[in-house]
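Note that the protein sequences, when read in sequence, are chains A and B.
Position 82 (the first sequence) corresponds to 82 in this note's numbering; numbering is contiguous.
Quick note, this note's numbering runs 1000 ahead of the 1-based positions in the second sequence.
Cβ atoms here follow ideal geometry from the backbone N, Cα and C, with glycine treated the same way.
Protein chains: 2
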Amino acid sequence: MTISEIAKLAEVSIGTVDRVLHNRGRVAPETIKKVMAIVDDYGYQPNTYARNLKLSKQYTIGVLLPQLHSEFGYWNLIYEGILKAAKELYPLAVRIDLAQFDRSQQGSLLKEGEALLKRKVDALLLAPVVPDDARLLVGKKHCVDYVFIDSPLPQTNPVSTVVQNPFRGGYLAGRMMHLLNPKGGALLTIQTYRSAYNSKERARGFSQYFADKGQYRSYELEIQANADIGQSLDAFYRVHQDMSGIFVVNDAIHRIADRVLLLGRKSQTTMIGYDLVEPNRKAMLAGSVDCLISQRPEYQGYTAVYQLYRKGLLSQEAEPTICVPIDVILPENLVDEQDWCPKS
Amino acid sequence: MTISEIAKLAEVSIGTVDRVLHNRGRVAPETIKKVMAIVDDYGYQPNTYARNLKLSKQYTIGVLLPQLHSEFGYWNLIYEGILKAAKELYPLAVRIDLAQFDRSQQGSLLKEGEALLKRKVDALLLAPVVPDDARLLVGKKHCVDYVFIDSPLPQTNPVSTVVQNPFRGGYLAGRMMHLLNPKGGALLTIQTYRSAYNSKERARGFSQYFADKGQYRSYELEIQANADIGQSLDAFYRVHQDMSGIFVVNDAIHRIADRVLLLGRKSQTTMIGYDLVEPNRKAMLAGSVDCLISQRPEYQGYTAVYQLYRKGLLSQEAEPTICVPIDVILPENLVDEQDWCPKS
DNA sequence: TATCTATGCGTTTACGTTAACGCACTCTTC
DNA sequence: GAAGAGTGCGTTAACGTAAACGCATAGATA
């Protein structure tokens, strides 16, 4: 079913059909009815190729993330997924425009986001890790379609939100801690200074697991940006001689693991953390980290780009929420570069 | 860079450029050189939208899978992923043509595959679970582009192969068995009658894990199609009073789990199996299955379709092998329909 | 010499959609 | 009652690619 076929059936010109389809006015109500009846009956779907050929527009997605090389590369993994999608979608006229902000600095997200909008992006892909800033940004009148990644932002209206359930992630971490470390003893949950939504929920899920099991003593520690981790840890080990496990709610696990090694405490401590950034991969291969929970950052970035593309260029409905599965990574399913691949 | 721009630069007509680009002959060697120089210099990429509009072809992918409702729905999960991709790619003129074969019947794959080729498909997506048949099919002269899914097929030339490493999957299953069941005791690996590549490798990986650990006694059992599972199991339990775990190399785990329950042996037996088909999900929720390894069947199907689409319609290079990560599923990360989703 | 074939190249049409343009007509308004 | 604004609609020109068609010219065959 093409526009000209509709035109023939309705006994009008294709221009008229086009005006009806795009509500461009200047059509008699009678005619509108006649055309719409046919459109509904036969189920007209515009031809994507013809449409985009004619529009011949670049679809630019503004990407707004924290500094890619902050936090040991987590955001960079997300960006890798974004780039992969962008590469695939290059022939379909999708482009990426990246802006990075400093998440520790109030106002930075908003400033960079506004700059991005001024550069005429067609859509926005952002991590709303500074909620107030993000809310102001997407609340702006001239704001384009947007998707959230990494964390949700209530009371907004995104095309889609790509996240993982942090509570369940923490809960699963609890289960893995229990499995890897059945002897019991004191446990420590470490958060870094930022009081991020995901971090809090993960810590909550972890302690909920042990609350459900009625076992173990669980403690929490909040480490400041430039604190001496080794000293805090050492103090903790001295007070709690039966320390048996540490859960770090983010990708900083390898740093804690290094300290634990230096303190000679690895053998008594099960280490669980988040995300397969490069230093964590190395730490796991070296045996200083026992288990990682992954939120599939590459997948999140990749998927988010595709959601926008489908909405913007294919006019498809996006899924309002995409909940990323929670992956458990043990040394046994750690994929390394030289991983097995079947020869064909 | 468009064809007409090239034509202008080379001072020839667009027809000539077109003939050069498509090696359609009837162009002077001199002219070919001149045009190609410009093409290489400026890096011409055909406009996908214009190209596909002009060709206005439906790209039909023939899908050749075992009966979708055999094996408790594993193949149906794959097909769901395929359908999801097809739905997304509908506006890009991608279509699916499904054929099912009986994997227990030699020649069925080949017969259905040939029928599919006769129906003029542009590409083939198949599970080469009957290797001899599959080899004959893709070896045919008029065979189109194809991708393999679920298992590889050596000595063929697919566009892509989407698989998981079955040995590592089994190895990981071993690790999970060890974690979930630290007491030790006799272990049983169950394969069903078909001597499939994946099944064998998984069993091998599982026993390798325990060989590496130098612990446990591990047995293997092969269950015939219509054998009395209960009786075989009962016999086994009687002989091995310290039975502590069962690993089923495929999605039939829930059936074994049912028998174990009936025999009153669940409390002494850790159950690990494969794939999140519906009966397995229920069994896990009910507590009769402790751990599942997933090979992400939906993802496999979804990805395979996209590989063909990118090759066929976008002329992009496909990845020769896509190795699907090995997922561990415990009750704690089992996602159910009413799973948490952030409100936006 | 007339006819045929091969070669090199330009021209043209079509794919389906979008949107600018223009024509004919009907109301207003001074 | 003439100029201006508004309405309904058809026509047409792109967008970039693919491929059929046609037109010269040159050499080969009858």
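Query: Residue interval of the beta strand (DSSP E) (run including R1217 of chain B); Result: 1217-1223
Query: Proximity of Q1307 of chain B and A1318 of chain B at Cβ, strictly below 8 Å; Result: yes
Query: Segment contact, 8 Å Cβ cut-off, at least three pairs: the segment 243-253 of chain A with the segment 272-279 of chain A; Result: yes
Query: Separation of V1305 of chain B from L1068 of chain B, as counted between CA atoms; Result: 17 Å
Query: Sub-8 Å separation of L1126 of chain B and A1134 of chain B beta-carbons; Result: yes
Query: Cβ pair F148 of chain A, P158 of chain A closer than 8 Å; Result: yes
Query: Sufficient close CB pairs (3 or more, under 8 Å) joining the segment 37-45 of chain A to the segment 76-84 of chain A; Result: no
Query: Closer than 8 Å to chain A by CB, L1109 of chain B; Result: no
Query: Residue range of the beta strand (DSSP E) that includes G1245 of chain B; Result: 1243-1248
Query: N1023 of chain B to Y1309 of chain B span [Cα, whole Å]; Result: 23 Å
Query: Whole-number beta carbon distance between G1205 of chain B and G1170 of chain B, since they are thought to touch under 8 Å; Result: 3 Å
Query: Close Cβ partners of Q1076 of chain B (< 6 Å) along its chain, the five nearest in sequence each way excluded; Result: Per the sequence shown, the amino acid found at residue 1076 of chain B is Asn instead of Gln. The residues are L1068.
Query: Beta-carbon proximity check, G264 of chain A vs Y59 of chain A, cutoff 8 Å; Result: no
Query: Among B:T1002, B:T1031, B:I1293, B:V1027, nearest to N1165 of chain B - alpha-carbon criterion; Result: B:I1293
Query: Any chain A beta carbon closer than 8 Å to T1048 of chain B; Result: yes
Query: Bridge-paired residues (DSSP) for Y274 of chain A; Result: A:I293
Query: CB contact below 8 Å: R1281 of chain B versus chain A; Result: no
Query: N- and C-terminal bounds of the alpha helix (DSSP H) containing I1003 of chain B; Result: 1003-1010
Query: First and last residue of the uninterrupted alpha helix (DSSP H) at R1051 of chain B; Result: 1048-1055
Query: For V1328 of chain B, the nearest candidate out of A:Q191, A:G113, A:C291, A:F210 (CA to CA); Result: A:C291
Query: Pairwise C-alpha distance: Y1302 of chain B and L137 of chain A; Result: 35 Å
Query: Cβ of Y171 of chain A within 8 Å of any chain B Cβ; Result: yes
Query: Within 8 Å, strictly: CB atoms of Q1241 of chain B and E1222 of chain B; Result: no
Query: Close beta carbons around V1277 of chain B, own chain, < 7 Å, minus the five adjacent residues each side; Result: F1072, G1073, Y1074, L1077, D1251
Query: Within chain A, partners of R1310 of chain B - CB distance below 8 Å; Result: E88
Query: Distance CB(A115 of chain A)-CB(V144 of chain A) smaller than 8 Å; Result: no
Query: is_contact[V1335 of chain B, chain A] using C-beta, thresh 8 Å; Result: yes
Query: Sequence-distant residues of the same chain with beta carbon closer than 7 Å to K183 of chain A, five excluded per side; Result: S244
Query: Residues of the segment 1056-1078 of chain B whose Cβ lies closer than 9 Å to any Cβ of chain A, in chain order; Result: S1056
Query: Beta carbon of E1088 of chain B nearer than 8 Å to that of Q316 of chain A; Result: yes
Query: Whole-angstrom distance between R19 of chain A and G25 of chain A, CA atom to CA atom; Result: 6 Å
Query: Proximity of P1325 of chain B and V163 of chain A at Cβ, strictly below 8 Å; Result: no
Query: In DSSP terms, what D327 of chain A is bridged to; Result: A:S294
Query: Beta-carbon proximity of S288 of chain A to L261 of chain A, cut-off 8 Å; Result: yes
Query: Continuous beta strand (DSSP E) stretch holding P152 of chain A: start and end; Result: Here P152 of chain A belongs to no beta strand (DSSP E), and DSSP marks it neither H nor E.
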